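Comments concern the structure below.
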């Protein structure tokens, strides 16, 4: 038995921000299937010019960010184990296609991603550990107050405590 994309995606339903929830079903209707890159690319490329490309194995932060500058998001093809459908230690295809694919369809997120890619194109990632920071910012652009994200005045998503 493989992972149920509907179950994994449904976790976002009560806690996801409105903008994500309004666009998520365009990418993958709940419970139907894990979308293919071509399906996601057809939607996001017409909206923002971005596309997702399969990455074989791990890529360095520098490679990942440089591709963002070319309107390409390098996506993993790994899938989480069916015994832990709601928890995975690393990004997987469900996270990237259903989660990040949706956000890359937003012009603001696409602009920010592109800007991070351009800003880091000449960075020396081996010498400057701080050059990796934009990667974290790309994934975590949100307001924080009291350990939670806010959308309007309602609390939405608990943040990890570090």
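In the numbering used here, the protein residues as written are 7 to 168. Glycine is no exception: its CB is placed at the ideal position from the N, C-alpha and C atoms. Keep in mind it's a predicted model, so treat the numbers as computed, not measured.
So is residue i buried or exposed if we call it buried at 16+ other beta carbons inside 10 Å?
| i | result |
| --- | --- |
| residue 44 | exposed |
| residue 86 | buried |
| residue 69 | exposed |
| residue 96 | exposed |
| residue 117 | exposed |
| residue 102 | buried |
Can the beta-carbon of residue i be found closer than 8 Å to that of residue j?
| i | j | result |
| --- | --- | --- |
| residue 120 | residue 74 | yes |
| residue 104 | residue 53 | no |
| residue 40 | residue 100 | yes |
| residue 98 | residue 82 | yes |
| residue 50 | residue 111 | yes |
| residue 107 | residue 65 | no |
Can you tell which of the options has its C-alpha closest to the C-alpha of residue i?
| i | options | result |
| --- | --- | --- |
| residue 128 | 67, 26 and 62 | 67 |
| residue 42 | 84, 24 and 28 | 84 |
(request) Can you check the stretch 61–130 for any alpha helix (DSSP H) of at least 4 residues that lies completely inside it and give the ranges in chain order? (result) 67–74, 107–110 and 113–125, all fully within the stretch 61–130.
(message) Closer than 8 Å is the cut-off here; do at least three beta carbon pairs connect the stretch 74–83 with the stretch 49–58?
(response) With a cut-off of 8 Å, the stretch 49–58 and the stretch 74–83 count as touching, because enough Cβ pairs lie within range.
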